[in-house]
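*Asks:* Pasting a structure here, questions to come.
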Ligand code: FE
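Numbering (this note's numbering), first residue to last: 55 to 399.
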């Protein structure tokens, strides 16, 4: 496995780059906007293709690199389903898997620091965001934080992971880089409490100043901009009703770009084909499924995904390779709100 812990000294943020092999797919956790050029260079040097950029939660102390990485690499942006950020093209829930080629992480909902905080666990390590820090825990006094929920997330979820598991947090301000679950159980001063009420009292008594960047970072991280607006301006967006009508006439093929797990959880549009976003480039090339459908069978391609972000990027990629695709604005989420039919797999 390729693993890099990257540090932003201004905000004390750790970002993590992971891949199973050189030449393969990569994912990055909690990227910082000022470091995006550094990540891009490193990925070129290591011969990695960024497929997913993930935030553990909506950050208050730095601006996320998700939007810039999406613009540079057309990667999928990922957060938990509770997020208020617009940029997110894939939303995870507790029990889901976060995957790229050769790597799979368990998605654990760990609210408390914020109401959209997630942790990601794989074999020997867990990425804990700001839920569990090294000898500390993330503050719970803003962004819908809740000390009681955090106690539950830490004691009933994270501390039940094996003791040897390495803990990689989103921040450290003292220079520590890694810990383990067992070590934090024993030596994290915030965890030496006798009850949930003791923990709540401890957290509510911290009286911390707001982070310096908070008034800038939170609004910036909520609104990172959508590709969909650009695609609509070019006339390549369809409403759910328009897409449904084209599909019924047989003039168009609806193509689902989501992953298997999303299709299983949220259902699919009847009669649609599956071509996951990660394999888009291959499918658009001569010999690929989408190339054949559009250019040999003369079908209009109509992409859809969860919320319309991946499909907007796919429309642009298809148009760039000479295929006149469009997409359903707002994805299957908008389709369902318009009472479109959905079948479960
Ligand atoms: Fe945070």
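A virtual CB, placed ideally from N, CA and C, is assigned to each residue, including glycine.
Remember, it's a predicted structure, so these values are computed and weren't measured experimentally.
#1: Can you check whether the CB of residue 154 is closer than 9 Å to the CB of residue 180?
#2: Spatial neighbours of residue 329 within its chain, please: C-beta separation below 8 Å, excluding the five flanking residues on both sides.
#3: Residue ranges of each alpha helix (DSSP H) run of no fewer than 4 residues wholly in the segment 199-235, ordered along the chain?
#4: Determine, using beta carbons only, whether residue 176 and residue 157 come nearer to each other than 9 Å.
#5: Should residue 301 be listed as close to ligand 1, given that the test is whether its C-beta is under 8 Å from any heavy atom?
#6: Comparing the CB of residue 170 with every heavy atom of ligand 1, is any distance shorter than 8 Å?
#7: Suppose you measure from the CA of residue 363 to the CA of residue 79; what does that come to, to the nearest Å?
#8: With a threshold of 9 Å between beta-carbons, can residue 260 be considered close to chain D, or not?
#9: Distance, Cα to Cα, residue 304 vs residue 159?
#10: Grab the span of the beta strand (DSSP E) containing residue 60 for me, first residue to last.
#11: Would you report the Cα separation of residue 295 and residue 84, rounded to the nearest angstrom?
#12: Apart from the five residues on each side of it in sequence, which residues of its chain come closer than 7 Å, Cβ to Cβ, to residue 313?
#13: Would you tell me roughly how many angstroms separate the C-alpha atoms of residue 347 and residue 354, rounded to the nearest one?
#14: I'd like the list of long-range same chain contacts for residue 230, defined as Cβ closer than 6 Å, with 5 residues on each side in sequence excluded.
#15: Let me know the secondary structure DSSP gives residue 238 once reduced to three states.
#16: Compute the beta-carbon to beta-carbon distance between residue 402 and residue 123, rounded to the nearest angstrom, for a pair I have assumed lies under 8 Å.
#17: Considering residue 127, what are the terminal residues of the alpha helix (DSSP H) in which it resides?
#18: How far does the beta strand (DSSP E) with residue 354 in it extend, from its first residue to its last?
#19: With ligand 1 as the reference, list in chain order each residue whose Cβ lies under 6 Å from any of its heavy atoms.
#20: Going by the beta-carbon positions, is the gap between residue 359 and residue 323 smaller than 9 Å?
#21: Thinking just about the alpha-carbon of each residue, which of 63, 113 and 109 is nearest to the one in residue 89?
#22: Can you tell me whether residue 374 is buried or exposed? The criterion is at least 16 other CB atoms within 10 Å of its CB, across all chains shown.
#23: For residue 267, name the three-state secondary structure that DSSP assigns.
#24: Pick out the complete alpha helix (DSSP H) segments inside the segment 316-395, 4 residues or longer, and give them in chain order.
#25: Would you grab the beta carbon distance between residue 152 and residue 186 for me? Rounded to a whole angstrom, and I think it's under 8 Å.
#26: Out of 68, 61 and 57, point me to the one whose CA is closest to residue 74's CA.
*Replies:* If we stick to the structure as given:
#1: no
#2: Result list for residue 329: 309, 310, 311, 337, 343 and 344, in chain order.
#3: Fully enclosed alpha helix (DSSP H) runs of 4 or longer: 201-210.
#4: yes
#5: no
#6: no
#7: The alpha-carbon atoms of residue 363 and residue 79 are separated by roughly 20 Å.
#8: The displayed structure is made up of one protein chain only, and chain D is not part of it.
#9: For residue 304 and residue 159, the distance between alpha carbons rounds to 39 Å.
#10: Note, residue 60: beta strand (DSSP E), 56-62.
#11: 37 Å
#12: 330
#13: 8 Å
#14: 188
#15: helix
#16: Outside the displayed range of the chain (55 to 399) lies residue 402, so it cannot be described from this structure.
#17: 120-127
#18: 354-358
#19: Ordered along the chain, the selected set is 111, 113, 114, 167, 184 and 192.
#20: no
#21: When only C-alpha atoms are compared, the closest one is 63.
#22: exposed
#23: coil
#24: 334-338, 363-374 and 385-391
#25: Their Cβ separation, rounded to whole angstroms, is 18 Å, which puts residue 152 and residue 186 out of contact at 8 Å.
#26: 57
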